[in-house]
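Have a look at the structure below, then the notes.
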Ligand SMILES: [Zn+2]
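Numbering (the numbering used here), first residue to last: 7 to 238.
And the structure:
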């Protein structure tokens with residue numbers, strides 16, 4: 007049985023909470039997370055939906071506080087500050103320019119009609135992510151004596167990358183918002199899975215060999231990663 011949603015009415019306000027069944031969960035839990043864009047009720051195998059909703063109701067005030075503290079979603083638009091390669095840039099709409107999208111001196115400039123700004127910027131960031139990720143994958147895989155499969159750049163909602171059992175790698179486009187060292191670490195992590203499909207000590211030894219930024223990258227993502235899911 008999978009999820010659905012529950013709607014909780016708190017002080018006249020409807021709060022939608024996603025419900026997720028988890029075989030691994032030991033007890034009922036509520037997750038409030040930028041990456042999932044709100045709240046999620048996690049139910050272990052034996053808990054009923056009704057138990058879960060009772061649990062939510064008892065914690066309604068806490069939930070409202072936590073949701074209120076979530077940083078707001080930031081859609082792409084003129085004048086918005088966007089981190090790019092770890093440095094804040096101002097998105098600047100240049101309607102009369104005929105240059106597509108480019109970055110210069112702390113700005114990311116987007117030409118063309120305002121209606122297409124978000125779309126154009128999104129496409130540009132995805133291409134940029136691919137251009138940054140691909141050579142690193144090739145280089146790190148070669149150091150391992152492996153070959154990566156297909157590389158895709160995706161809009162994952164909660165993860166930075168993945169490696170399939172057939173060696174295809176996918177990466178989140180938002181990695182270009184993070185400092186380059188973080189991107190380097192995430193590529194090393196996924197390429198490392200070509201040799202070790204787990205997170206064993208042997209895996210981490212491989213990752214350390216492939217990136218000198220492993221500790222920095224992991225700490226940075228723990229601290230700042232969720233924030234990057236606000237943008238788009
Ligand atoms: Zn992993």
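Just so you know, even glycine gets a beta-carbon here, dropped at the ideal spot from N, CA and C.
Just so we're clear, the structure is a prediction, and the values are computed from it rather than from any experiment.
Since residue i and residue j are thought to touch, with beta carbons under 8 Å apart, how far apart are those beta carbons, to the nearest angstrom?
| i | j | result |
| --- | --- | --- |
| residue 155 | residue 174 | 4 Å |
| residue 187 | residue 238 | Actually they do not touch by this definition, with Cβ atoms about 22 Å apart. |
| residue 73 | residue 38 | 6 Å |
| residue 6 | residue 112 | Only positions 7 to 238 of the chain appear in this structure, which leaves residue 6 out of reach. |
| residue 142 | residue 213 | Going by Cβ atoms, the distance from residue 142 to residue 213 rounds to 13 Å, so no, they are not a contact pair. |
| residue 201 | residue 150 | 5 Å |
| residue 166 | residue 227 | 7 Å |
| residue 25 | residue 10 | 5 Å |
| residue 103 | residue 47 | About 48 Å separates the two Cβ atoms, so there is no contact after all. |
| residue 157 | residue 140 | 6 Å |
Quick one: what's got a C-beta closer than 7 Å to residue i's C-beta in the same chain, skipping five residues either side?
| i | result |
| --- | --- |
| residue 33 | 50 |
| residue 91 | 182, 185, 186 |
| residue 17 | none |
So what does residue i bridge to, in DSSP terms?
| i | result |
| --- | --- |
| residue 13 | 22 |
| residue 86 | Its beta-bridge partners do not exist; DSSP assigns none. |
| residue 45 | 23, 38 |
| residue 97 | 114 |
| residue 157 | 175 |
| residue 167 | 177 |
| residue 191 | According to DSSP, residue 191 bridges with nothing at all. |
| residue 219 | Paired residue(s): none; residue 219 is not in a bridge. |
| residue 108 | 115 |
| residue 212 | According to DSSP, which records beta bridges pairwise, residue 212 is partnered with nothing at all. |
| residue 80 | 237 |
Can you find the residues in the same chain that come closer than 8 Å, C-beta to C-beta, to residue i, ignoring five residues on each side of it along the sequence?
| i | result |
| --- | --- |
| residue 7 | Any reading at residue 7 needs caution, since the residue's pLDDT is 44, under 50, leaving its predicted position unreliable; the model's value is listed next. The residues are 27. |
| residue 241 | This structure leaves residue 241 out entirely; the chain is present only between 7 and 238. |
| residue 65 | 36 |
| residue 101 | 117, 118, 119, 120 |
| residue 63 | 14 |
| residue 172 | 155 |
| residue 138 | 181, 182, 186, 189 |
| residue 108 | 114, 115 |
Tell me which residues share the same chain as residue i and place their Cβ nearer than 6 Å to its Cβ, disregarding the 5 neighbours each side in the sequence.
| i | result |
| --- | --- |
| residue 180 | 234 |
| residue 21 | 14 |
| residue 79 | 236 |
| residue 195 | 213 |
| residue 89 | 183 |
| residue 134 | 182 |
| residue 132 | 159, 179 |
Quick check on residue i - is its C-beta less than 8 Å from some C-beta in chain E?
| i | result |
| --- | --- |
| residue 178 | No chain E is part of this structure, which consists of one protein chain only. |
Taking 8 Å as the threshold, find out whether the segment 221-236 comes into contact with the segment 183-202 through three or more Cβ pairs.
yes
Near ligand 1, which residues have their beta-carbon closer than 6 Å to a heavy atom?
195, 199, 205
Please determine if the segment 127-134 and the segment 143-150 are in contact, where contact requires at least 3 C-beta pairs separated by less than 8 Å.
no
Given 8 Å, three or more beta-carbon pairs between the segment 54-71 and the segment 81-90
no
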